[in-house]
Amino acid sequence: MAVSGLLLTGLPALYFLTVHGCGEEEDRLAEVMAGETVLDAAPDGADGKDRYQECDDDDRFVVVGARYRYDGSPENVLRYYGETARADGWRPRAGAGDDTAPGCFAKSVGGTTAYLDVTGPDDGLLHVEIVADRAQSQWC
Numbered sequence: 562m563a564v565s566g567l568l569l570t571g572l573p574a575l576y577f578l579t580v581h582g583c584g585e586e587e588d589r590l591a592e593v594m595a596g597e598t599v600l601d602a603a604p605d606g607a608d609g610k611d612r613y614q615e616c617d618d619d620d621r622f623v624v625v626g627a628r629y630r631y632d633g634s635p636e637n638v639l640r641y642y643g644e645t646a647r648a649d650g651w652r653p654r655a656g657a658g659d660d661t662a663p664g665c666f667a668k669s670v671g672g673t674t675a676y677l678d679v680t681g682p683d684d685g686l687l688h689v690e691i692v693a694d695r696a697q698s699q700w701c
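In the numbering used here, the protein residues as written are 562 to 701.
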């Protein structure tokens with residue numbers, strides 16, 4: 562009885578401690594993603610870049626991004642990043658039907674598909690973010 566109880570509680574605990582959460586593989590992916598030049602590109606008038614990097618311990622997806630203060634229009638943002646992202650090898654992400662999802666691009670980065678998501682400016686902030694995981698999830 563004690564052995565079966567130990568197995569029922571011990572194995573999930575061992576799995577959680579050894580496999581759960583972000584590790585070296587996610588760190589390497591984040592490092593490659595952080596080197597993407599599109600994160601350093603911003604339309605004229607954008608300033609105050611704030612870079613960030615995160616990893617979700619539950620789902621192990623990596624997020625690397627930049628925030629800028631920007632008072633321009635969303636149309637200018639989409640036009641700028643549409644040109645800049647494509648020049649860097651990002652391709653527009655297909656949305657519903659044959660349309661593309663505005664501000665969303667995909668590219669192979671670090672051996673997986675990464676998604677570039679450009680949003681804003683909302684309340685004067687422009688967000689440029691790359692999200693990826695090894696499970697080949699689809700984002701934006």
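All C-beta atoms, glycine included, are put in the ideal place defined by N, C-alpha and C.
Quick caveat, the model's predicted, so the values are computed rather than measured.
Assigned exposure category for residue i - 16 Cβ within 10 Å defines buried
| i | result |
| --- | --- |
| E636 | exposed |
| R544 | For the chain, the structure presents residues 562 to 701; residue 544 sits outside this window and is missing. |
| T645 | buried |
| D678 | buried |
| G582 | exposed |
| H688 | buried |
| A591 | buried |
| G596 | exposed |
| A655 | exposed |
Pairwise C-alpha distance: residue j and residue i
| i | j | result |
| --- | --- | --- |
| G681 | E585 | 32 Å |
| S698 | Y676 | 10 Å |
| G650 | Y642 | 12 Å |
| D617 | V593 | 17 Å |
| A607 | V599 | 14 Å |
| D684 | D694 | 29 Å |
| C701 | D632 | 23 Å |
| E690 | R628 | 8 Å |
| E710 | E615 | Past the edges of the chain, shown from 562 to 701, lies residue 710, and the structure says nothing about it. |
| P653 | R589 | 25 Å |
| R630 | V692 | 21 Å |
| S634 | R647 | 20 Å |
Residues sharing a beta bridge with residue i, DSSP
| i | result |
| --- | --- |
| R652 | A667 |
| T680 | H688 |
### Query
Counting pairs of beta carbons, one from the stretch 609 to 617 and one from the stretch 663 to 670, are three or more of them closer than 8 Å?
Three or more Cβ pairs closer than 8 Å define a contact, and the stretch 609 to 617 falls short of that threshold against the stretch 663 to 670.
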